[in-house]
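J.: In mature numbering (1 follows the signal peptide of the UniProt record, and there is no 0), the protein residues as written are -19 to -1, 1 to 75. Mind looking over this structure? Questions follow.
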């Protein structure tokens, strides 16, 4: 009988604590995009070159580093760039 009374007493003491729990803060909506990808300005080759974290001259870019040209990159795109980028981004490559 005593364990039952202890259980009832613990439940009665816990109920006010559960009732006084703070409500979660209301969620704020995401701000709407002001420009679309089609309206976004294009980056110049100078801006692209300055945003590179590593310039690959002997190898090819792979994520944030350079690897040998004959190897396959198994990582996603990163900040490494090829050093043989043309000055004109619209120029055709041979």
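The beta-carbon is built from N, C-alpha and C at its ideal position, and this holds for glycine as well.
1. For residue 44, collect the residues of the same chain with a Cβ closer than 6 Å to its Cβ; drop the 5 residues on either side in sequence, then sort them by chain order.
2. So what's residue 61 in DSSP terms, helix, strand or just coil?
3. Take residue 64 and list the residues in its own chain whose beta-carbon comes closer than 7 Å to its own, dropping the five residues that flank it on each side.
4. Can you tell me whether residue -14 is buried or exposed, with buried defined as 16 or more other CB within 10 angstroms of its CB?
5. Is it buried or exposed, residue 3, if we count other Cβ atoms within 10 angstroms and call 16 or more buried?
T.: With the structure as the only source:
1. For the purposes of this step, residue 44 is identified with residue 63 of the chain shown, where counting begins at 1. Result list for residue 44: 56, 59, in chain order.
2. Taking the first residue of the chain shown as position 1, residue 61 is located at position 80. The answer is strand: DSSP assigns residue 61 an E or B state.
3. Translated into the one-based positions of the chain shown, residue 64 becomes position 83. The answer, listed in chain order, is 36, 37, 38.
4. Sequence index remark: in the chain shown, residue -14 carries index 6 (1-based). By the neighbour-count rule (16 or more Cβ atoms within 10 Å), residue -14 is not buried but exposed.
5. By one-based count along the chain shown, residue 3 stands at place 22. Per the 10 Å Cβ criterion, exposed.
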